[in-house]
Amino acid sequence: MKKLLALALTAAVSVGAQAQAYPNKPITFVVPFAAGGPTDLVARQLAEAMRKPLGGANIVVENAAGAGGTIAGTKVARATPDGYTLLVWHIGMAATTSLYRKQQFKPMEDFEFLGMINDVPMTLLGKPQLPANTYRDFEAYIRANGGKLNLAHAGLGSASHLCGLMWQSAVKLDKSMTTIAYRGTGPAMNDLIGGQVDVMCDQTTNTTAQIEGGRVKAFAVTTAKPLSKHKLLKDYPTLQEMGLKDFNLTIWHGLYAPKGTPPEITKKLNDALKVALKDPEFIKKQEDLGALVVTDNRVTPEGHKAFVGDQVKKLKAVIDAAGQFAD
Ligand code: ASP
Numbered sequence: 004m005k006k007l008l009a010l011a012l013t014a015a016v017s018v019g020a021q022a023q024a025y026p027n028k029p030i031t032f033v034v035p036f037a038a039g040g041p042t043d044l045v046a047r048q049l050a051e052a053m054r055k056p057l058g059g060a061n062i063v064v065e066n067a068a069g070a071g072g073t074i075a076g077t078k079v080a081r082a083t084p085d086g087y088t089l090l091v092w093h094i095g096m097a098a099t100t101s102l103y104r105k106q107q108f109k110p111m112e113d114f115e116f117l118g119m120i121n122d123v124p125m126t127l128l129g130k131p132q133l134p135a136n137t138y139r140d141f142e143a144y145i146r147a148n149g150g151k152l153n154l155a156h157a158g159l160g161s162a163s164h165l166c167g168l169m170w171q172s173a174v175k176l177d178k179s180m181t182t183i184a185y186r187g188t189g190p191a192m193n194d195l196i197g198g199q200v201d202v203m204c205d206q207t208t209n210t211t212a213q214i215e216g217g218r219v220k221a222f223a224v225t226t227a228k229p230l231s232k233h234k235l236l237k238d239y240p241t242l243q244e245m246g247l248k249d250f251n252l253t254i255w256h257g258l259y260a261p262k263g264t265p266p267e268i269t270k271k272l273n274d275a276l277k278v279a280l281k282d283p284e285f286i287k288k289q290e291d292l293g294a295l296v297v298t299d300n301r302v303t304p305e306g307h308k309a310f311v312g313d314q315v316k317k318l319k320a321v322i323d324a325a326g327q328f329a330d
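Here it is as structure tokens:
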């Protein structure tokens, strides 16, 4: 009995000491999509902004792409809960649980919620060779040619996939486009620019520069309200203005640790995240790309968890209605 008590005490002391010394080696942000895409970008910008509040910690980004993000989700859910393996994931955290029948983890049970990062609108895009220049012409063109066209996305449960699903069901296309899955919209964007695929709906953080450079055509934004404060995106109509009643899709990103990470460590991470979200440089980088840094109570672990729980329910309804599932 004495021996057991001593063992338990030593374990408690070493976890406490570990938490106090945290971080004393590199932290990995696991990103569920390819490098060069919107989630990779926010993870890298956040890594930079969290470095200082974490005492100059080295934060590296690992791209574990595939299966709409569930490979990375599984990896972090099973990682040692010591604060050195974290997950930066978006709306897919709430969507994939309804899409993948054999998902290896439970989003609401297998993670510590560390706080949300940003909200990102999306833009509906076409390859530069498309004949349409306005949303109306674009919709007419897709209606006439839908069956022959390809829609790029970043895998089942990705933001681009959800947006494509929602848009096609809102406009009630007779013939849906053929979907082509990539490991992220970074590589998908290259093919859209090159004209190998026809249409994509992607986050403004990945599209703004391409629209500005005239490398792709943009037709509409997916938010309920126009992006009237953004110098470029203010010129595009919302899908609601174009007649798609109730269309409203904004992509959010959050930060997660494996369940069981010591509370001293999750607190350090949440504190550092809050500092990063007030960093003027980080805020500017996000705003220039059309995204908004989270400032409401979703920056707290409780607020973050409540929001994701709500999103799981809302997205289940959308996904069940669309009837597309994966194993
Ligand atoms: N966030 C994905 C990426 O970074 C894209 C998506 O979800 O559509 O590639």
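All letters in the sequence shown, in the order written, are residues 4 to 330 by this note's numbering. Backbone N, C-alpha and C define an ideal beta-carbon position, used for all residues, glycine too. Please read these numbers as outputs of a predicted model, since none were measured by experiment.
Looking from the CA of Gly187, the closest CA among Val64, Asp313, Pro35 and Lys288 belongs to Pro35. Secondary-structure assignment with DSSP links Ala98 through no beta bridge to anything. In chain order, Gly86, Glu115, Leu117, Ala260 and Pro304 place their CB closer than 8 Å to the CB of Thr269, counting only its own chain and leaving out the 5 sequence neighbours on each side.
Spanning the alpha carbons of Lys232 and Asp282 requires a straight line of approximately 20 Å. Rounded to the nearest angstrom, the gap between the Cα atoms of Asp299 and Asn148 is 43 Å.
In the three-state reduction of the DSSP assignment, Gln171 falls in the helix class. The alpha-carbon separation between Pro190 and Gly95 amounts to approximately 18 Å.
Applying a distance threshold of 5 Å between residue Cβ atoms and the heavy atoms of the ligand ASP selects Phe36, Gly40, Pro41, Thr42, Ala157, Ser161, Ala162, Ser163, Gly187 and Thr188, given in chain order. For His256, the enclosing beta strand (DSSP E) covers residues Thr253 to Pro261. Excluding its 5 nearest sequence neighbours in each direction, Gln48 has C-beta neighbours in its own chain below 8 Å: Phe285, Lys288 and Gln289, listed in chain order. A residue is called buried when at least 16 other Cβ atoms come within 10 angstroms of its Cβ; Arg301 meets this threshold and is buried. Distances from the alpha-carbon of Ala184 to those of Ser163, Asp238, Leu128 and Lys175 put Ser163 closest. For Phe222, the enclosing beta strand (DSSP E) begins and ends at Lys220 to Val224. The way I'd put it, the stretch 44-61 doesn't touch the stretch 194-205; fewer than three beta-carbon pairs between them come closer than 8 Å. Per the coordinates, the alpha-carbon of Val224 lies some 16 Å from the alpha-carbon of Ala135.
Residue pairing by DSSP places Asp122 opposite Trp255 and Leu295 in a beta bridge. Under the DSSP assignment, Val200 falls outside any beta strand (DSSP E); it carries neither an H nor an E label.
When rounded, the separation of the alpha-carbon atoms in Asn251 and Thr126 is 12 Å. Taking a contact to require three or more Cβ pairs closer than 8 Å, the stretch 308-322 and the stretch 137-151 do not qualify as touching. As computed with DSSP, Ala184 is found in a beta bridge with His156. As the crow flies, the alpha-carbon of Val79 is around 13 Å from that of Gln106. Counting along the chain, the unbroken beta strand (DSSP E) around Glu65 starts and ends at Ile62 to Asn66. Going by DSSP, Leu89 is part of the beta strand (DSSP E) stretching over Thr88 to Trp92.
Here Tyr239 carries a coil assignment [DSSP, helix/strand/coil]. Secondary structure of Glu267 (DSSP, three-state): helix.
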